[in-house]
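Novice:
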Amino acid sequence: MIALRVGEDGFAIGNVVEAIYDATTSVNQGGFGCHLLNYSGGGYTIYNSVRKAISYAAHNGVIFVAAKGNDDTTNKHYPSDYADNLVISVGASNGLDERASFSNYGNNVDFVAPGTTDLLFTTKRVEQDTYGTFSGTSGAAPVVTGIAALLKSANINLHRDDIENILQISADKVGSIPYTNGYNEQMGNGRVNAGRALEFLQAPYILQQHTTTGGTSQNLSGDGEGLTFLNDAGNSGLAEGWYYGQMYQVTKTVNIPVSICNENYVWTRTVGATSGWSAANPNNNLGYSFVVSQTSSTVTLRTFVYYIKTNSLGQTINTWYPTSPQNAVMAYTTLTHSPITISGPTTVCTSNSTFNINNIQPGTSITWNVSSNLQIVSGQGTTSVIVKQSSYYNYGAGWVTATINACGTMVTLPNYQVWVGIPNSPGSVIGSTSPNIGSTQYYYATSAASGASSHTWTLPYENGSCTYCWSIYSQGTPTAIYANVGEASGYVQIAGNNVCGTGGASILYVTPNWKWRL
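For what it's worth, this note's numbering labels the leading residue of the sequence shown as 220, then goes sequentially.
#1: Using 8 Å for Cβ pairs, my map puts Q712 next to S693. What's the rounded Cβ distance?
#2: Using CA atoms only, rank isn't needed, just tell me which of F353, G325, I396 and Y258 is closest to L338.
#3: Restricting to Cα atoms, I'd like to know which of V235, Q248, T244 and V246 is closest to A285.
#4: CA-CA distance, T721 and S644?
#5: From the DSSP secondary-structure annotation, give me the bridge partner or partners of K471.
#6: Can you tell me whether DSSP reads V510 as helix, strand or coil?
#7: Can you list, in chain order, the residues of its chain whose CB lies under 6 Å from that of P697, leaving out five sequence neighbours each side?
#8: Pull up the distance between the alpha-carbon of A231 and that of C253, whole angstroms please.
#9: Tell me whether C685 is buried or exposed, calling it buried when 16 or more other Cβ atoms sit within 10 Å of its Cβ.
#10: Who does W461 pair with in a DSSP beta bridge?
#11: Using CA atoms only, rank isn't needed, just tell me which of Q599, N703, G657 and Y402 is closest to L678.
#12: Skipping 5 residues on each side, what residues in its chain have a beta carbon closer than 6 Å to that of T244?
#13: In this structure, how does DSSP classify R410 when only helix, strand and coil are distinguished?
#14: Is DSSP giving Q694 helix, strand or coil here?
#15: Would you call the CB atoms of A616 and L632 closer than 8 Å?
#16: I need the DSSP call for G365, collapsed to helix, strand or coil.
#17: Could you tell me whether the Cβ atoms of I361 and N257 are closer together than 8 Å?
#18: So if DSSP puts S478 in a beta bridge, which residue, or which two residues, is it bridged to?
#19: Could you tell me the boundaries of the beta strand (DSSP E) in which Q712 lies?
#20: Could you tell me the distance, in whole angstroms, from the CA atom of I605 to the CA atom of A668?
#21: Span of the beta strand (DSSP E) holding A286?
#22: In the DSSP output, which residue or residues are listed as bridge partners for Y540?
#23: Consider the C-beta atom of V225 and the heavy atoms of the ligand ADP; say whether any pair is separated by less than 7 Å.
#24: Starting from G233 and walking both ways along the alpha helix (DSSP H), at which residues does that stretch end?
#25: Please report the straight-line C-alpha distance between S572 and T517, rounded to a whole angstrom.
#26: Among residues of its own chain, excluding the 5 on either side of A452, which ones have a beta-carbon nearer than 6 Å to its beta-carbon?
#27: Does DSSP classify S597 as helix, strand or coil?
#28: Taking C-alpha atoms, which residue in V331, V619, G506 and C480 lies nearest to T566?
#29: Less than 8 Å between the C-beta atoms of A332 and A311, yes or no?
#30: Cβ of T542 within 8 Å of Cβ of F509?
#31: With DSSP as the reference, label Q534 as helix, strand or coil.
#32: Closest to S653 by CA distance: which of G582, G640 and Y728 is it?
#33: Short check: CB of T356 to CB of V306, under 8 Å?
#34: Exposed or buried, R224, counting other C-beta atoms within 10 Å across all chains shown (16 or more means buried)?
#35: Between the Cα of I559 and the Cα atoms of A550, C568, T569 and N575, which residue gives the shortest distance?
#36: Report, in whole angstroms, the separation of the C-beta atoms of H178 and K287, which I expect to be a contact under 8 Å.
Here's what the structure looks like:
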């Protein structure tokens, strides 16, 4: 823990800015390398230098927690009311779990925390050698910072968005004001709960960080230079100033784990994890994405990228910022309570194979379903089902899934993909059809056999002894060989193998060139 003093009874903005930069710069670059910053102060004047310093902190993955102010007003207070993706804004609650009468509110306040004299006892000296009570959002903000530090100490790899979202879902919805979608402008997401927040980082909960690249892009600006774009950050290789071009939204739907009772939390990780920007104008160039919609097994994500054509000086740029749509990375985190999964083999033959549903609650109804090339032998309605290939000749890609009724919610699990039966034939065999006897020739299949775990090459056979016999000189890849050419005509062929057997072969008839040996 590091305390950076920015003044005595007052402070200079320059000192605040310098302290933020010093605290959030890495140790290797001469800073303190802090993970979190607490700012128990502020006022009602916007200082762009402070906002840029906090943006710098966000770029370095630092969480910035700020006191909301103590004037019982909805007037915007800074730094607590800078952009929501930069600051965690904290109001004060009292012993009745209501908003403290003095605490500022509104403007997307994030949380409340204990901040009145009946709840806070502090080491602030009130007279010689004594300590006393304390009130104010300046006392509430460090409570949130401390809980965030606990989460970070439990899992150092947590992103700043992971911590803020865990604080949100664990907060108690206290107070007399109704919450809409878990939020109100008096209490934010509620009063923070340290114990509950830490529970989300322990079994049976599982937190997983994911990324996905690309998606469906849509030009939101029309043809030409339909967008007038003000970049006010200048930290991405694009200098501050006005630009003209087009804005594209990039949207992608991905699968997420299915959880018991549909308790599945998903949020995006933005700054430092997502490469797209927001649609804000002016734009601060911070990584940004958001959840468009969510089902029990999928989530749709969105971010924005820009094709900048010219600047205000008329200079041609014609470059994607921060990246092209196909290279846009969206990062997201899933937090599930004992995710429900299907386990089993990846290949199914005419013999029986067993599939299981994991982490299911007793009494949950289950209906298994399989693709048309599979059949259920037994176990329908239970957590373990036995299936097999419906016919030896009915091979190819298949799937196993189940629909469950947990906590009154019908959920269909994502398909568990399997291969059914013997492999398909590989692609066509390519190589010389009239090779010279005694030479070494390269043969390959244009594609591997679907469903194969290995491949076998077969060369033309010889009856009796031979001066020049066919043989494999070396194996390039599973679907490519160098062959020593023999005397016999016949088939160079390749077939795929798996636990069910050998699939059909792809063949190339070859006639060795005798004249070359004369």
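C-beta: ideal position from N, C-alpha, C; glycine also.
Specialist: Taking the structure as given:
#1: Contact between Q712 and S693 does not hold, since their C-beta atoms are separated by about 18 Å, which reaches or exceeds 8 Å.
#2: It is F353.
#3: Closest by alpha carbon: V235.
#4: The alpha-carbon of T721 is positioned some 9 Å away from that of S644.
#5: BP columns for K471 point to L520.
#6: It is a strand residue.
#7: So the qualifying residues of the chain are H674.
#8: Approximately 22 Å, taken between the alpha carbons.
#9: The Cβ neighbour count for C685, taken over all protein chains shown within 10 Å, is under 16; the residue is labelled exposed.
#10: Answer is L449.
#11: Out of Q599, N703, G657 and Y402, N703 has the C-alpha closest to the C-alpha of L678.
#12: Correct list, in chain order: G250.
#13: In this structure, R410 counts as strand in the three-state DSSP scheme.
#14: Annotated three-state conformation of Q694 is strand, per DSSP.
#15: Judged by beta-carbon spacing, L632 lies beyond the 8 Å limit of A616, meaning their Cβ atoms are not closer than that value.
#16: For G365, the secondary structure class from DSSP, reduced to helix, strand or coil, is helix.
#17: Here the sequence assigns Pro to residue 361, which means Ile is not the residue at that position. N257 is positioned such that its CB atom lies closer than 8 Å to that of P361.
#18: In the DSSP output, where bridge partners are listed per residue, S478 has P558.
#19: Taken as a continuous stretch (DSSP letters only), the beta strand (DSSP E) holding Q712 covers G709 to N717.
#20: Rounded to the nearest angstrom, the gap between the Cα atoms of I605 and A668 is 27 Å.
#21: For A286, the uninterrupted beta strand (DSSP E) segment begins and ends at I282 to A286.
#22: According to DSSP, which records beta bridges pairwise, Y540 is partnered with Y525.
#23: Ligands displayed in this structure: none; no statement on the ligand ADP is therefore possible.
#24: I232 to T243 is the span of the alpha helix (DSSP H), which, as asked, contains G233.
#25: Approximately 28 Å between the Cα atoms of the pair.
#26: Within the same chain, A452 has close Cβ partners N503 and N504.
#27: Strand at S597.
#28: When each option's Cα is compared against that of T566, the closest is V619.
#29: Against a cut-off of 8 Å, the Cβ pair of A311 and A332 comes out as a contact.
#30: No, they are not a contact pair.
#31: Per DSSP, reduced to three states, the secondary structure at Q534 is coil, with no helix or strand assignment.
#32: Checked all of G582, G640 and Y728; the closest Cα to S653 is Y728.
#33: Not a contact, by the Cβ cut-off of 8 Å.
#34: In summary, R224 is exposed, with fewer than 16 beta-carbon neighbours lying within 10 Å of its beta-carbon over all protein chains present.
#35: Out of A550, C568, T569 and N575, N575 has the C-alpha closest to the C-alpha of I559.
#36: In this structure the chain extends from 220 to 737, so residue 178 is not present and cannot be described.
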